[in-house]
Amino acid sequence: MEERVAVVERMCASLEPRLEETLRLVTVEMGVPIRASRPLHQAMAIGSVRHACAAAREVVVEEHRTGAVDALVRLEPVGVVASIAPWNGPFLQALYKIVYPLLAGCPVVFKPAPETPLDAFGVAEAFVEAGLPEGMLSVLPGGPSVGEHLVAHPGVDAVFFTGSTGTGRKIGAVCGAAMRRMVLELGGKSAAIVLDDADLAVAVPGLAAGAFGNTGQNCAATSRVLVARSRYDEVVEALTAAAGRLVVGDPLDEATDLGPLVSRRQRDKVAEHVRAALADGAVATTSPGPLPDRGWFHRPTVLTGMANSSRIAQEEVFGPVVCVIPFDDEADAVAMADDSPYGLHGAVYTADPDRALAVARAVHTGTFSVNGFVLNAERPFGGVKASGVGRKYGVEGIREFMELKTVNLAAGGGTFSMR
1038 MEERVAVVER
1048 MCASLEPRLE
1058 ETLRLVTVEM
1068 GVPIRASRPL
1078 HQAMAIGSVR
1088 HACAAAREVV
1098 VEEHRTGAVD
1108 ALVRLEPVGV
1118 VASIAPWNGP
1128 FLQALYKIVY
1138 PLLAGCPVVF
1148 KPAPETPLDA
1158 FGVAEAFVEA
1168 GLPEGMLSVL
1178 PGGPSVGEHL
1188 VAHPGVDAVF
1198 FTGSTGTGRK
1208 IGAVCGAAMR
1218 RMVLELGGKS
1228 AAIVLDDADL
1238 AVAVPGLAAG
1248 AFGNTGQNCA
1258 ATSRVLVARS
1268 RYDEVVEALT
1278 AAAGRLVVGD
1288 PLDEATDLGP
1298 LVSRRQRDKV
1308 AEHVRAALAD
1318 GAVATTSPGP
1328 LPDRGWFHRP
1338 TVLTGMANSS
1348 RIAQEEVFGP
1358 VVCVIPFDDE
1368 ADAVAMADDS
1378 PYGLHGAVYT
1388 ADPDRALAVA
1398 RAVHTGTFSV
1408 NGFVLNAERP
1418 FGGVKASGVG
1428 RKYGVEGIRE
1438 FMELKTVNLA
1448 AGGGTFSMR
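This note's numbering runs 1037 ahead of the 1-based position in the sequence shown.
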């Protein structure tokens, strides 16, 4: 384990001098504003690698357990891992999708998204410079057919995938038939709950970050905001004002808050979701829709007047669109948050720590934040329901790619113990 950690740490040191170049590459690849790319891809991405190395040192690879029969309980690498990344956070995705299986001792075949393949080659070069043994990492660019072939290949022992729930179900079927390990981080329609005692000076920046960060192209986005009815108008007004202050424009401009969506297809998909919601009776408190003369941009959009059961409040939009819906009491808020096929993330805003933890414990989701929009690369992250299986980050993220083996240490002869 220490040898693997040393290689990863050398890789990280090799990457750091070229970080600014990498950030600009990611901005050109997918349109994330350079100002937003720094905390996401500089702090969080490099930070996730350092946290992974710290977690690796906590993994107990072999433990001697005493009993009627003494035994060694070991963790061994699961084998070759096919890591398949989406386009919405390419550098970060490349790092953790390669680093965690490698720290577990597994060779990795990494397939970047076809929209954002270039930064992965820089990561691979840094691993070569760090002395990673030959054959431990391959980068395989390509589209869906390449991914399908990789997932079904008999030489693959585990699949590590981030992407849509639809694709995740197909991967799950293939892996299930082959009895193959899988870690799937899939879609989300997460809810941020604003209780009646929330401090809006704290809540509104968190709500805006959760809805509009990365131009809304975030599986963990809190794209539903559930608000205590007594504070509803106040929150709608404040969130609308916050959306209006966001600068949409050139992602290489340091003043830009929201860049373009990753593709024309994605922009058109987001615009169609908004048009359908307005046709169904939703009300936009901001100017909705794309910027028709400026490429693949879409305005930050706040929608009100819809039910929690409406299509716009149930389906993942993956763009800068947020639904604001009132609730009557905390039980109602929890029920509405859980009334979703997804369960990836969520948040609660309140001045009362006890109320915060009560809500956090009640909502059925894999990850939850209190008084903020927090993505923590130091602790396990993942979803329940249609948001996936397994976890990334932390000790748990390494153990996903290790198998348990029990070695029974009989003194001699045969022993059958049920104690």
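Even for Gly, the Cβ is constructed at its ideal location relative to N, Cα and C.
>> Is it buried or exposed, methionine 1216, if we count other Cβ atoms within 10 angstroms and call 16 or more buried?
In response: exposed
> Taking Cβ positions only, does alanine 1372 come closer than 8 Å to chain C?
Replying inline: Annotation note: the requested chain C is absent from the structure, which comprises a single protein chain.
>> Please tell me whether, using a cut-off of 7 Å, the distance from the CB of valine 1193 to the nearest non-hydrogen atom of the ligand GDP is below it.
In response: By its list of ligands, the structure shown contains no ligand whatsoever, and the ligand GDP lies outside what it can speak to.
> How is the alpha helix (DSSP H) around leucine 1129 delimited, first residue to last?
Replying inline: 1127-1140
>> For glutamate 1353 and lysine 1226, what's the separation of their Cα atoms in angstroms?
In response: 6 Å
> Is the Cβ-Cβ distance between valine 1307 and glycine 1356 less than 8 Å?
Replying inline: yes
> Can you tell which of Pro1076, Ile1230, Gly1419, Ala1395 has its C-alpha closest to the C-alpha of alanine 1257?
Replying inline: Gly1419
> Near isoleucine 1135, which residues of its chain fall below 6 Å by C-beta distance, leaving aside the five closest residues on each side in sequence?
Replying inline: Val1145, Phe1147
> DSSP beta-bridge partners for tyrosine 1386?
Replying inline: Val1231
> Since alanine 1141 and isoleucine 1435 are thought to touch, with beta carbons under 8 Å apart, how far apart are those beta carbons, to the nearest angstrom?
Replying inline: Rounded, the Cβ-Cβ distance is 5 Å, consistent with contact.
> Roughly how many angstroms lie between the CA atoms of asparagine 1345 and threonine 1259, to the nearest whole one?
Replying inline: For asparagine 1345 and threonine 1259, the gap between their C-alpha atoms comes out near 14 Å.
>> On the DSSP bridge list, what partners appear for methionine 1173?
In response: Beta-bridge pairing links methionine 1173 to no other residue.
>> Between the stretch 1333-1344 and the stretch 1296-1303, can you find at least three pairs of beta-carbon atoms closer than 8 Å?
In response: yes
> Using the C-alpha atoms, what's the distance from cysteine 1360 back to threonine 1341?
Replying inline: Cα atoms of threonine 1341 and cysteine 1360: separation of roughly 6 Å, rounded to the nearest angstrom.
> Where does alanine 1092 sit, in a helix, a strand or coil, going by DSSP?
Replying inline: helix
> Applying the criterion that 16 or more other CB atoms from any shown protein chain within 10 Å of the CB defines a buried residue, is threonine 1443 buried or exposed?
Replying inline: exposed
>> Which of the three DSSP states is assigned to arginine 1463 in this structure?
In response: Because residue 1463 is not part of the residues shown, which for the chain are 1038 to 1456, the question remains open.
> Three-state secondary structure (DSSP) at phenylalanine 1410?
Replying inline: coil
>> Using CA atoms only, rank isn't needed, just tell me which of Gly1403, Phe1164, Val1096 is closest to methionine 1173.
In response: Phe1164
> If you drop the 5 nearest sequence neighbours on each side, which residues of the same chain put their C-beta closer than 7 Å to that of leucine 1056?
Replying inline: Gln1079
>> Here's a check: name, in chain order, each residue in its chain whose Cβ is nearer than 6 Å to the Cβ of glutamate 1100, leaving out the five neighbours to either side.
In response: Val1110
> If you follow the alpha helix (DSSP H) that serine 1074 is part of, which residue opens it and which one closes it?
Replying inline: Unbroken alpha helix (DSSP H) run through serine 1074: 1071-1074.
>> Extract the residue ranges of the beta strand (DSSP E) inside the stretch 1327-1381, only unbroken runs of 3 or more that lie entirely within it.
In response: Listed in chain order, the complete beta strand (DSSP E) runs (minimum 3 residues) inside the stretch 1327-1381 are 1338-1341, 1358-1364.
>> Let me make sure I understand the geometry here. Which of Arg1348, Leu1244, Asp1194 has the alpha-carbon closest to that of valine 1220?
In response: Comparing C-alpha distances from valine 1220 to each of Arg1348, Leu1244, Asp1194 shows the shortest one belongs to Asp1194.
> Of all the options Ser1377, Leu1328, Thr1293, Glu1095, which has the alpha carbon lying nearest to the alpha carbon of valine 1069?
Replying inline: When the alpha-carbon of valine 1069 is set against those of Ser1377, Leu1328, Thr1293, Glu1095, the nearest one is in Thr1293.
> For lysine 1226, does the three-state DSSP call read helix, strand or coil?
Replying inline: coil
> For alanine 1414, which of Phe1405, Lys1429, Val1421, His1401 has the nearest alpha-carbon?
Replying inline: Lys1429
> Just the Cα atoms here: how many angstroms apart are aspartate 1529 and aspartate 1365?
Replying inline: The question about residue 1529 has no answer here: the residues shown for the chain are numbered 1038 through 1456.
>> Measuring only the C-alpha atoms, how far is valine 1096 from histidine 1190?
In response: 29 Å
>> For cysteine 1049 and isoleucine 1083, which I take to be in contact (beta-carbon distance under 8 Å), what is that distance rounded to the nearest angstrom?
In response: Contact holds; Cβ gap of about 6 Å.
>> I need the straight-line Cα distance from isoleucine 1349 to valine 1239, nearest angstrom please.
In response: 26 Å
> Taking the alpha carbon of alanine 1370 as the point to measure from, which residue in His1401, Val1358, Pro1390 has its own alpha carbon closest?
Replying inline: His1401
>> Can you tell me whether valine 1459 is buried or exposed? The criterion is at least 16 other CB atoms within 10 Å of its CB, across all chains shown.
In response: With the chain covering only 1038 through 1456, there is no way to say anything about residue 1459.
> Can leucine 1244 and valine 1262 be called in contact, C-beta distance under 8 Å?
Replying inline: Taking 8 Å as the Cβ cut-off, leucine 1244 and valine 1262 qualify as a contacting pair.
> Closest by CA to threonine 1204, which one among Arg1218, Phe1128, Glu1222?
Replying inline: Its Cα nearest to that of threonine 1204, the residue Glu1222 stands out among Arg1218, Phe1128, Glu1222.
> Going by DSSP, which residues form a beta bridge with alanine 1265?
Replying inline: Phe1364
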